[in-house]
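Okay, so here's the structure we're looking at.
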Amino acid sequence: MSRESIERYFAAFNAGDAAGMLALVSDDVAHHVNQGEVRHGRAAFAEFCSHMGVSYREELRDMVIFVSDDGTRAAAEFTVHGEYLQTDPGLPEACGQQYVLPAGSFFTLSGGKITRVTTYYNLQDWIAQVSV
Numbered sequence: 001m002s003r004e005s006i007e008r009y010f011a012a013f014n015a016g017d018a019a020g021m022l023a024l025v026s027d028d029v030a031h032h033v034n035q036g037e038v039r040h041g042r043a044a045f046a047e048f049c050s051h052m053g054v055s056y057r058e059e060l061r062d063m064v065i066f067v068s069d070d071g072t073r074a075a076a077e078f079t080v081h082g083e084y085l086q087t088d089p090g091l092p093e094a095c096g097q098q099y100v101l102p103a104g105s106f107f108t109l110s111g112g113k114i115t116r117v118t119t120y121y122n123l124q125d126w127i128a129q130v131s132v
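See the structure below:
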């Protein structure tokens, strides 16, 4: 179930299906955002997904998923292909810039749900790509 949960999570992400992603996380999910504060709980995760859906259009490609033998931890490496749609406060102004970034996510799983999501990418690389 662990690999399937991660595959379903990323399939929902690529489909822009926030509800599908939310169905896979626990009520008390810990969402560790790259260079940001940890968001706790499904409501905070839903708010983040909503914001991302407005500001960015992204597709994750070249996905490689790793799962621990006991199924409680997983990691994924991928390439983000995106478009910057709406200016995010404190970041460069958006005007539809395209970007491509290597990234990775780490997960903790329990009881068939994702209880932790941690995502990393190089923010300075992204800023350089979207700066006009």
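Each residue of the sequence shown is one higher than the one before, starting from 1 at the first, in full-length UniProt numbering. For every residue, glycine included, the Cβ atom is placed at its ideal position computed from N, Cα and C.
Alpha helix (DSSP H) containing residue i: first to last residue?
| i | result |
| --- | --- |
| G53 | R42 to S55 |
| Q129 | L123 to V130 |
| A30 | No alpha helix (DSSP H) contains A30, which is instead part of the beta strand (DSSP E) from V25 to H32. |
| A19 | A18 to L22 |
| E7 | S2 to N14 |
Round the Cβ separation of residue i and residue j to the nearest angstrom and send it over; I've been treating them as touching at under 8 Å.
| i | j | result |
| --- | --- | --- |
| G104 | A75 | 7 Å |
| T79 | V100 | 6 Å |
| residue 138 | V29 | Because the chain in this structure spans residues 1 to 132, residue 138 falls outside the shown range and cannot be described. |
Judging by CA-CA distance, which residue of the options is the nearest neighbour of residue i?
| i | options | result |
| --- | --- | --- |
| F10 | E77, E93, D88 and R73 | E77 |
| Y84 | A18, L22, V130 and V33 | V130 |
| Y120 | L91, H32 and A18 | H32 |
Excluding the five sequence neighbours on either side, which residues of its own chain have a C-beta within less than 6 Å of the C-beta of residue i, listed in chain order?
| i | result |
| --- | --- |
| G71 | S2 |
| V54 | Q86 |
| V67 | S2, R3 and A74 |
Can you tell me whether residue i is buried or exposed? The criterion is at least 16 other CB atoms within 10 Å of its CB, across all chains shown.
| i | result |
| --- | --- |
| F13 | buried |
| S5 | buried |
| L123 | exposed |
| V38 | exposed |
For residue i, collect the residues of the same chain with a Cβ closer than 7 Å to its Cβ; drop the 5 residues on either side in sequence, then sort them by chain order.
| i | result |
| --- | --- |
| K113 | L24, V25 and S26 |
| G16 | G53 |
Suppose the cutoff is 8 Å on Cβ atoms and the five residues either side in sequence are ignored; what does the same chain contact list for residue i look like?
| i | result |
| --- | --- |
| E93 | T87 and V132 |
| R8 | G20 and L24 |
Beta strand (DSSP E) containing residue i: first to last residue?
| i | result |
| --- | --- |
| L101 | Q97 to S110 |
| A74 | R73 to Y84 |
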